[in-house]
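Reminder that position 34 of the sequence shown reads as 24 in the working numbering, one-by-one numbering, no gaps.
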Amino acid sequence: MLQNIGIPGLILVLVIALIIFGPSKLPELGRAVGSTLKEFKKSTRDLVSDEEPEQEKSKIKTEKSI
């Protein structure tokens, strides 16, 4: 979805955000979005790393039963 936006689309989004939130709120909004994305990525990484040992355990169990 984001691959289709391009540079003109990003500039348009930034201009609209500047109009809506004003220049004083824009850095605060950027920090909030950045920290939210960082937390989301951390959570998805943790979920993936939690699933890997379970997959290995089930693989070992199936190998032992064979």
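Glycine is no exception: its CB is placed at the ideal position from the N, C-alpha and C atoms. In this text the structure is predicted, and so the values were computed from the model without any measurement.
Judged by their CB atoms, residue 0 and residue 8 are not nearer to each other than the 9 Å cut-off. Residue 10 carries a helical assignment under DSSP once its states are collapsed to helix, strand and coil.
In the three-state DSSP reduction, residue -5 falls in the coil class, being neither helix nor strand. Apart from sequence neighbours up to five positions away, the residues of its chain that approach residue 19 with a beta-carbon distance below 8 Å are 7, 11, ordered along the chain.
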